[in-house]
Structure formats: C-alpha cells, structure tokens
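Residue numbering for the sequence shown is 3 to 591, as defined by this note's numbering. Here a beta-carbon is modelled for each residue, glycine too, at the ideal position from N, C-alpha and C. Inspection log for the structure reproduced underneath, given as structure tokens.
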Amino acid sequence: MSPTSVPQTEPQPKPISPALTWRGVLLFGMASALLLALAFPQANLTLLAWVAPIGWLILIRAETLPKRAYWLIYLSGCLFWLTVLYGIGKAHWATRVFGWPVLSGYLAVYLPLFVGLSRPIVHRLRIPIPLVAPVVWTALEYVRAYFATGFSMAQLGHTQVDILPLIQIASITGAYGVSFLVMLVASLLLLLVPQWEAGVANRVKPKWTHQVAFVAAVLLIVGGSYFSGQHWLQEGERLDAENIAQRRDSGQAAVRIGLVQGSIDTVFGDPTQSERTFDQYSKLTDMLVAEQPNLDLIVWPETTMGPHMVFEIASDFAPPAAWSTSGERVKQDMLQRIHGFQGFLHDLAVNRWRAPLLLGTSVIRYGNQVVDHYNAAIHVGDEGSIVTRYEKTHPVMFGEYVPLGDWFPFVYDWLPIGGGLTPGQGPIVVDVSGVNLVPCICFENTVPQLVANQVRTITQAGKKVDALVTLTNDGWFWGTSILDLHLTCARFRAVENHRPMLVAANTGVSAVIDAQGKVQQYAPIQKTSYLVAEVVPTARPLSPYTRYGDWFAMGCLLLTAPLYLVALFLNKRIKQPSPHDPQNIPIQG
Numbered sequence: 003m004s005p006t007s008v009p010q011t012e013p014q015p016k017p018i019s020p021a022l023t024w025r026g027v028l029l030f031g032m033a034s035a036l037l038l039a040l041a042f043p044q045a046n047l048t049l050l051a052w053v054a055p056i057g058w059l060i061l062i063r064a065e066t067l068p069k070r071a072y073w074l075i076y077l078s079g080c081l082f083w084l085t086v087l088y089g090i091g092k093a094h095w096a097t098r099v100f101g102w103p104v105l106s107g108y109l110a111v112y113l114p115l116f117v118g119l120s121r122p123i124v125h126r127l128r129i130p131i132p133l134v135a136p137v138v139w140t141a142l143e144y145v146r147a148y149f150a151t152g153f154s155m156a157q158l159g160h161t162q163v164d165i166l167p168l169i170q171i172a173s174i175t176g177a178y179g180v181s182f183l184v185m186l187v188a189s190l191l192l193l194l195v196p197q198w199e200a201g202v203a204n205r206v207k208p209k210w211t212h213q214v215a216f217v218a219a220v221l222l223i224v225g226g227s228y229f230s231g232q233h234w235l236q237e238g239e240r241l242d243a244e245n246i247a248q249r250r251d252s253g254q255a256a257v258r259i260g261l262v263q264g265s266i267d268t269v270f271g272d273p274t275q276s277e278r279t280f281d282q283y284s285k286l287t288d289m290l291v292a293e294q295p296n297l298d299l300i301v302w303p304e305t306t307m308g309p310h311m312v313f314e315i316a317s318d319f320a321p322p323a324a325w326s327t328s329g330e331r332v333k334q335d336m337l338q339r340i341h342g343f344q345g346f347l348h349d350l351a352v353n354r355w356r357a358p359l360l361l362g363t364s365v366i367r368y369g370n371q372v373v374d375h376y377n378a379a380i381h382v383g384d385e386g387s388i389v390t391r392y393e394k395t396h397p398v399m400f401g402e403y404v405p406l407g408d409w410f411p412f413v414y415d416w417l418p419i420g421g422g423l424t425p426g427q428g429p430i431v432v433d434v435s436g437v438n439l440v441p442c443i444c445f446e447n448t449v450p451q452l453v454a455n456q457v458r459t460i461t462q463a464g465k466k467v468d469a470l471v472t473l474t475n476d477g478w479f480w481g482t483s484i485l486d487l488h489l490t491c492a493r494f495r496a497v498e499n500h501r502p503m504l505v506a507a508n509t510g511v512s513a514v515i516d517a518q519g520k521v522q523q524y525a526p527i528q529k530t531s532y533l534v535a536e537v538v539p540t541a542r543p544l545s546p547y548t549r550y551g552d553w554f555a556m557g558c559l560l561l562t563a564p565l566y567l568v569a570l571f572l573n574k575r576i577k578q579p580s581p582h583d584p585q586n587i588p589i590q591g
C-alpha cells in the first residue's frame with residue numbers, strides 16, 4: 003500500500019426513505035375523510051364509500067408511522083364528523099359552540115382507535131388486512147352504538163341505503179353487516195395499491211395474477227350479496243302481495259293513516275312559536291280530513307301540540323317545599339287543567355276531525371315533591387279520550403338531558419332544554435282497527451338495539467307488531483343533511499325488523515317506508531304536507547336481527563379484543579430493513 007493512499011471502505015447503503023412522513027399520514031387521512039363525507043348526504047356519492055377507507059387502510063399497512071401520526075388521524079376524523087354533522091350546530095348557539103364540536107370530537111376518537119387496534123393484529127399476528135379491518139371497524143361501530151347512551155347515526159353501511167338488495171343483509175346482522183361488507187371490499191381493493199409506504203426502495207406492485215384474484219374476490223362478494231338481497235326482496239314483495247290479496251278477498255280493508263308534516267323551524271326564545279305550531283298543524287289536518295275523510299288514525303310529530311299538554315297528579319302528590327302555594331290549591335288547579343284538556347281532545351277527535359289521533363306532546367306528572375317531565379305520544383281513541391301513551395325511553399344527551407344533571411342542576415340554566423326529561427318505562431302498542439303500531443320518538447329510531455328490543459318485548463308479551471311509527475321534530479336542524487341521515491336510520495330500522503316504518507316529522511322528512519326499506523311516499527324538506535299510508539297486519543315473521551339482536555357486531559368485538567391483547571403482548575416483532583441492523587426492528591405506531 004502506498005503511504006499516501008487512503009484505505010477504501012465498503013460503501014454504506016443509503017437509508018430507506020419512508021414514504022409515510024407526517025405529510026403522508028395527513029394526506030391519506032384527510033383524503034379518506036373527505037371521500038367518505040361525500041358518500042353521505044347531501045352529496046350522496048354512494049360508490050365513494052367503497053374506496054374512501056383506503057387511505058386509512060394504507061396507514062394500517064405501513065410498516066412504521068411517524069410521531070404524532072395518531073393525532074393527525076384524529077384530525078381527519080374530526081374533519082369527517084364536523085362535515086357530516088354540521089346541521090347539529092343549527093339548533094342553538096350552545097349546540098353550535100359546544101354540542102357540534104364536542105360530539106364530533108368524541109366520535110373522531112374511533113378513527114385512531116381503528117388504526118391503532120388494527121396495526122398490531124396485522125403486523126404482529128400476520129393476519130391479512132381484509133380479515134382484520136372489517137372486524138375491527140364493525141366492533142367499534144358496536145361500541146359507539148352503546149357507549150354514553152349510544153350514537154349510531156352515519157354508520158359506514160348507511161351510505162348504501164339506496165341500494166336495496168345490498169342492505170337486506172341488515173335483517174340478519176343489522177346495519178353492521180353492511181358496514182362490514184363495505185370495509186371488506188375496501189380492504190381487498192387496497193391489495194391493488196402499490197406499497198408506497200413500505201419505502202422508496204421497497205415499493206411492491208402486486209403480480210397481475212394477484213390483481214385478477216383480488217378483482218374476482220370483490221366481484222364475488224359484492225355480486226353474491228347483491229343477488230342474494232335481490233332474491234330476499236322478491237320473496238318479501240311476494241309475501242306482502244299474497245297477504246294483501248287474501249285480506250282483499252276476505253273483505254278486510256287496509257287501515258288508512260294520515261301523517262301530517264308542518265314546517266316550523268325551532269327558534270328558542272320565540273314566545274309565539276308554540277301557538278303557531280299548533281295552529282299550523284290544525285289547519286293542515288283540516289285540509290287532510292277534507293281531502294281524505296274516514297281516516298283510521300291521524301299522526302302528528304313530536305311536541306307539536308304547542309301549549310296543550312297532559313297533566314297528571316300522582317296519588318301521593320305533595321308539592322315541593324319551594325312552592326309557596328298550598329298543596330291543595332295546586333292540586334285543584336291541576337285538576338281543572340286535566341278536565342279542560344280532556345274536553346279539548348274530545349272536541350278534536352270527535353267533533354272536528356272524526357278520527358283517532360296519535361299526537362306528540364309533553365306530559366307533566368306531579369308526584370311526591372317531584373315533578374316529572376316526559377316527551378310523549380298520546381293515542382286518542384274514537385271517543386276522544388286517551389287510550390294509551392308512550393313516553394320516550396331514550397332521551398337525547400344534551401338535547402333532552404345532561405349527564406349528572408340531577409346532581410348539578412345548575413347546568414340546565416346554560417342550555418335551552420329546561421330541566422331535562424324523565425325517561426319512560428317501555429314500549430306500548432297502538433291498536434288501529436286491528437293493526438298494531440309501535441311508536442318511538444325523535445332520535446330513538448337511530449338506535450337499532452332499542453327499536454329491535456321494543457318489537458321483541460311486545461312480541462314476547464303475546465302481541466304482534468305490524469308496523470313501526472316515528473314521531474319526530476327535526477325543526478332543530480333547519481333542513482340540513484341531519485334530516486336525510488335520520489331518514490336513513492328509519493329505513494334501516496324497517497329492514498332490520500321486517501316491518502314498515504311510518505315517519506311523521508316536523509320540517510321533514512315524513513315518509514312511508516316498506517319492510518324492505520323502500521321509500522314509498524315522502525314529503526319534501528321544510529314544506530307543509532301530509533301523506534296517507536295504507537297498512538295491513540303483517541304476515542312476516544320476526545327477522546333474525548329482531549330475535550337475536552347485535553350478535554354479529556358483538557362477535558366482531560369479541561374477536562377484536564383478544565386478538566389485540568395477544569398482539570400487544572406477543573414477543574414476536576416485525577422485521578424492518580435498517581441501515582444499521584436489518585434484524586428485528588419492532589413495529590412503531
């Protein structure tokens with residue numbers, strides 16, 4: 003070796019530059035959020051839902067994620083929910099400043115949970131993403147439906163509501179099965195995407211034979227689900243047609259139910275709104291009865307009776323100590339109100355409209371130093387008296403009650419909801435000339451397990467359920483896409499329980515929905531209107547979902563939890579190339 007020569011060393015390999023920097027995480031996360039938001043109302047670009055999750059799935063597939071990746075994923079979740087639920091902020095300044103952002107911020111948590119739970123299962127247990135992602139996503143939708151009283155609006159499967167054959171699986175699995183299907187297809191499509199995130203030097207493009215297999219799998223799954231659902235649709239339509247024909251041959255007519263839709267957007271602090279609402283609905287009902295006489299039932303939406311409400315005095319009545327008047331004086335005043343209200347209902351049902359009524363109103367019950375306030379639907383019979391009433395069992399958080407509000411009642415002073423609502427006891431049956439209706443109120447029909455439990459409970463009590471009916475006041479949302487999301491939930495409840503759903507909604511969307519989720523009639527948003535539905539006793543058996551509930555989604559949760567725990571504590575670590583030691587680099591993120 004020459005004394006002036008410099009020893010030559012082996013050239014060191016250049017570090018592999020990971021394609022997923024924080025900018026990549028932000029790009030993929032936000033792209034998925036925006037695409038999925040476009041699949042929901044009001045854009046309703048349904049097919050985007052099948053590809054929208056791919057950006058989040060790429061983050062699951064990545065060997066490593068940069069620091070703060072989960073915060074960026076959370077931001078994409080916030081973007082999605084703030085976009086989809088923007089109508090919630092229309093109700094009141096408090097919902098705009100607190101309710102809408104807080105609810106969206108809470109729901110956004112499920113997105114980093116989805117990525118964070120899936121990654122260890124995929125990388126440490128080596129289970130393919132198409133087997134992991136649909137299970138974890140469905141498990142988290144199930145948790146979301148129950149945690150903190152539950153929020154099941156805008157599930158992934160809801161994007162497919164207009165593709166009727168695809169959503170028929172909900173009668174077995176609930177809407178969760180449709181979400182599972184959409185995420186499964188998105189996961190299979192991911193396999194066609196080159197692995198940019200594996201590093202610039204390690205980009206992998208699937209072989210053409212693999213691509214063909216992936217496409218074939220997607221077509222098989224979607225096609226099989228579609229044609230199976232089409233068969234179920236045809237069978238359901240045949241069963242309904244035979245049932246109607248048999249009743250017609252025996253001389254039994256369908257019951258005729260009028261659904262009245264006024265259009266009074268909610269304005270807090272307007273002293274005239276209550277009276278204006280009642281006057282508008284009264285005039286619309288006059289028009290309905292003039293055009294469609296001999297109705298078997300007239301249905302008004304939630305809380306549209308204005309200042310007219312039910313008062314009730316318990317047998318052990320005693321006024322709260324804070325009241326300055328004597329208990330006997332209060333009792334006599336209430337008895338006068340009760341007598342006057344009974345006469346008022348008799349005049350409406352017997353003299354004015356000559357039909358039974360199902361009316362959304364309030365119930366004030368005076369007990370032993372306690373005043374309970376219920377959101378109720380009262381069934382007024384042929385003779386003008388209350389036959390039965392349903393009191394809402396599932397109040398809306400921050401809309402009808404505040405958590406711990408009983409312990410800290412001063413919080414109600416900050417909100418426009420008064421002192422909060424008392425939950426009712428359970429479902430009831432409204433018998434309309436032999437057709438049994440089960441009512442729910444407001445957002446109760448967005449809670450799948452609640453509606454299924456109502457139908458199951460009444461069936462177990464020996465009564466048949468022929469149709470579902472929702473009374474709702476959506477004037478809070480000023481004609482925004484929340485109304486479309488609410489209608490979507492009603493359609494899924496019809497499919498899940500194999501029962502028609504009638505919806506009477508202030509400001510819309512009032513609708514007549516058949517047992518397959520098809521909208522047969524609807525009233526335009528923020529327009530005054532009325533619909534007449536014809537309903538017959540059903541010949542359909544209870545659906546598997548009604549009988550067995552959330553077995554499918556619960557099974558996904560029971561799979562996710564142990565798989566994640568095993569992956570978390572497993573010593574096996576993913577191997578990742580490194581410029582220093584290409585062996586056993588543990589997964590990050």
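Runs of 4 residues minimum, wholly inside the stretch 411-490: which ones carry the alpha helix (DSSP H) assignment?
For the stretch 411-490, whole alpha helix (DSSP H) runs of length 4 or above, ordered along the chain, are 450-462.
Identify the continuous beta strand (DSSP E) that holds V373 and give its terminal residues.
Locating residue 373 in the sequence shown gives position 371, where the first residue counts as 1. It spans V373 to V382 - the beta strand (DSSP E) in which V373 sits, taken as one unbroken run.
How far does the beta strand (DSSP E) with M185 in it reach, from first residue to last?
Position 183 of the sequence shown, counted from the first residue, corresponds to residue 185. It is not in any beta strand (DSSP E) - M185 instead sits in the alpha helix (DSSP H) that spans A177 to L192.
Would you report the Cα separation of Q248 and E237, rounded to the nearest angstrom?
Within the sequence shown, the letter at position 246 stands for residue 248. Within the sequence shown, the letter at position 235 stands for residue 237. Cα to Cα, Q248 sits roughly 17 Å from E237.
Closer than 8 Å is the cut-off here; do at least three beta carbon pairs connect the stretch 428-437 with the stretch 523-540?
Segments in contact, yes.
In terms of DSSP beta bridges, what is Y524 paired with?
Within the sequence shown, numbered from 1, the residue matching residue 524 stands at position 522. Answer is A513, bridged to Y524.
Just the C-alpha distance for P309 and F280, rounded to the nearest angstrom, thanks.
Taking the first residue of the sequence shown as position 1, residue 309 is located at position 307. Taking the first residue of the sequence shown as position 1, residue 280 is located at position 278. About 8 Å.
Would you call R258 buried or exposed, if buried means 16 or more other Cβ atoms sit within 10 Å of its Cβ?
Position 256 of the sequence shown holds residue 258. Looking at its Cβ environment, which holds 16 or more other Cβ atoms inside 10 Å, R258 is buried.
In the DSSP assignment, find the unbroken alpha helix (DSSP H) run with E385 in it and report its ends.
The residue labelled residue 385 in the question sits at position 383 within the sequence shown. No alpha helix (DSSP H) contains E385, which DSSP labels as neither H nor E.
Short of 7 Å in beta carbon distance, which residues of its chain neighbour A156, apart from the five on each side in sequence? Order them along the chain.
Along the sequence shown, read from residue 1 onward, the residue named residue 156 stands at position 154. Correct list, in chain order: F42, V86 and L487.
Is D318 helix, strand or coil by DSSP?
As a position in the sequence shown, residue 318 is number 316, starting the count at 1. Looking at D318 - three-state DSSP - the assignment turns out to be strand.
Per the DSSP calculation, A535 is bridged to which residue(s)?
On the sequence shown, position 533 is the one that residue 535 refers to. I259, per the DSSP bridge assignment.
From L142, K69, A64 and V111, pick the residue whose C-alpha is nearest to that of R126; which is it?
Your numbering for residue 126 matches position 124 in the sequence shown. Ranking the options by Cα distance to R126, first place goes to A64.
Please confirm if the stretch 90-97 is in contact with the stretch 130-149, defined as three or more CB-CB distances below 8 Å between the two stretches.
Segments in contact, no.
Between the alpha carbons of D384 and W355, how many angstroms are there, rounded?
Along the sequence shown, one-based indexing puts residue 384 at 382. Along the sequence shown, one-based indexing puts residue 355 at 353. Approximately 10 Å between the Cα atoms of the pair.
With DSSP as the reference, please indicate the residues paired to L359 in a beta bridge.
Looking up residue 359 in the sequence shown gives position 357. Partner(s): I300 and V382.
Taking all protein chains shown into account, do 16 or more other C-beta atoms lie within 10 angstroms of the C-beta of D516, making it buried, or fewer, making it exposed?
The residue you call residue 516 lines up with position 514 of the sequence shown. Looking at its Cβ environment, which holds 16 or more other Cβ atoms inside 10 Å, D516 is buried.
Would you mind reading off the limits of the alpha helix (DSSP H) that contains L28?
Locating residue 28 in the sequence shown gives position 26, where the first residue counts as 1. First-last of the alpha helix (DSSP H) with L28: W24 to A41.
Residue range of the alpha helix (DSSP H) that A45 falls in?
Within the sequence shown, the letter at position 43 stands for residue 45. Where A45 is concerned, there is no enclosing alpha helix (DSSP H), given that its DSSP letter is neither H nor E.
Shortest alpha-carbon distance to Y148 belongs to which of L565, L561, L572 and A555?
As a working note, residue 148 is residue 146 in the sequence shown. Of the listed residues, the one whose Cα sits closest to Y148 is A555.
With C-beta atoms as the reference, is V457 less than 8 Å away from N499?
For the purposes of this step, residue 457 is identified with residue 455 of the sequence shown, where counting begins at 1. For the purposes of this step, residue 499 is identified with residue 497 of the sequence shown, where counting begins at 1. For V457 and N499, yes; Cβs fall inside 8 Å.
Mapping DSSP to helix, strand and coil, what is L504?
For the purposes of this step, residue 504 is taken as the residue at position 502 of the sequence shown. It is a strand residue.
With DSSP as the reference, label F313 as helix, strand or coil.
Here residue 313 corresponds to residue number 311 of the sequence shown, with the count starting at 1. Strand.
Please name the residue, chosen from I60, P68 and D267, that lies closest to W480 on a Cα-to-Cα basis.
On the sequence shown, position 478 is the one that residue 480 refers to. The shortest C-alpha separation from W480 is found at D267.
How would you call K394, buried or exposed, if buried means at least 16 neighbouring beta carbons within 10 angstroms?
The residue you call residue 394 lines up with position 392 of the sequence shown. Per the 10 Å Cβ criterion, buried.
What's the gap between the Cα of T48 and the Cα of V184?
As a working note, residue 48 is residue 46 in the sequence shown. As a working note, residue 184 is residue 182 in the sequence shown. Roughly 11 Å between the two C-alpha positions.
Indicate the three-state DSSP secondary structure (helix, strand or coil) for V195 in the structure shown.
Taking the sequence shown and counting its residues from 1, one reaches residue 195 at position 193. Three-state DSSP puts V195 in coil, outside helix and strand.
I need the DSSP call for S227, collapsed to helix, strand or coil.
As a working mapping, residue 227 is identified with position 225 in the sequence shown. The answer is helix: DSSP assigns S227 an H, G or I state.
Extract the residue ranges of the alpha helix (DSSP H) inside the stretch 57-130, only unbroken runs of 4 or more that lie entirely within it.
DSSP runs (the alpha helix (DSSP H)) wholly in the stretch 57-130: 71-86, 102-110 and 112-126.
Exposed or buried, P196, counting other C-beta atoms within 10 Å across all chains shown (16 or more means buried)?
Translated into the one-based positions of the sequence shown, residue 196 becomes position 194. That one is exposed.
Following the continuous alpha helix (DSSP H) through W52, name the residue where it begins and the one where it ends.
The count along the sequence shown starts at 1 and reaches residue 52 at position 50. No alpha helix (DSSP H) holds W52; DSSP gives it neither H nor E.
S120 and I171: beta carbons closer than 8 Å?
Numbered from its first residue, the sequence shown carries residue 120 at position 118. Numbered from its first residue, the sequence shown carries residue 171 at position 169. Cβ distance not < 8 Å, so S120 and I171 don't count as in contact.
P250 by DSSP, collapsed to three states: which one?
Counting from one through the sequence shown, the residue named residue 250 turns up at place 248. Note that residue 250 corresponds to Arg in the displayed sequence, not to Pro. Helix.
Ordered along the chain, which non-local residues of its own chain (more than five positions away) have a Cβ less than 7 Å from that of K333?
Your numbering for residue 333 matches position 331 in the sequence shown. Answer for K333: I315 and F319, listed in chain order.
Tell me which same chain residues have a C-beta within less than 7 Å of the C-beta of M32, skipping the five on either side of it?
Here residue 32 corresponds to residue number 30 of the sequence shown, with the count starting at 1. The residues are S78 and L81.
Compute the Euclidean distance between the alpha carbons of S387 and Q344, then round it to the nearest angstrom.
Numbered from 1 along the sequence shown, position 385 holds the residue referred to as residue 387. Numbered from 1 along the sequence shown, position 342 holds the residue referred to as residue 344. C-alpha separation (whole angstroms): 7 Å.
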